[in-house]
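In UniProt numbering, the protein residues as written are 1 to 55. Using N, Cα and C, we set each Cβ at its ideal position, and we do this for glycine too. Because the structure is a prediction, the values reported are computed rather than measured. Worksheet for the structure shown next.
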């Protein structure tokens, strides 16, 4: 049996992984259109709570 806390942590980790994958893809797509400084600023703004996924 997994405890609720453990399962929540696991969910959080997987959503973070997916989010980082999506971010990598979108940043690759955006590189053509925006300057790198813009993407860096955006990435910094996304770091609020580690569990809240941007999806």
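Between residue 26 and residue 13, what straight-line distance do the alpha-carbon atoms span, to the nearest angstrom? The residue labelled residue 26 in the question sits at position 26 within the chain shown. The residue labelled residue 13 in the question sits at position 13 within the chain shown. Straight across, the Cα-Cα distance linking residue 26 with residue 13 is about 20 Å.
From residue 24 to residue 17, what distance separates their C-alpha atoms? As a first step, residue 24 must be located in the chain shown, where it is residue number 24. As a first step, residue 17 must be located in the chain shown, where it is residue number 17. When only Cα atoms are considered, residue 24 and residue 17 end up about 11 Å apart.
Residues in its own chain within less than 7 Å of residue 3 by CB, not counting five upstream and five downstream? Along the chain shown, read from residue 1 onward, the residue named residue 3 stands at position 3. Closer than 7 Å at the Cβ level, and outside the excluded window around residue 3, lies no residue.
For residue 3, three-class secondary structure by DSSP: Position 3 of the chain shown, counting from 1, holds the residue named residue 3. Here residue 3 sits in coil by DSSP.
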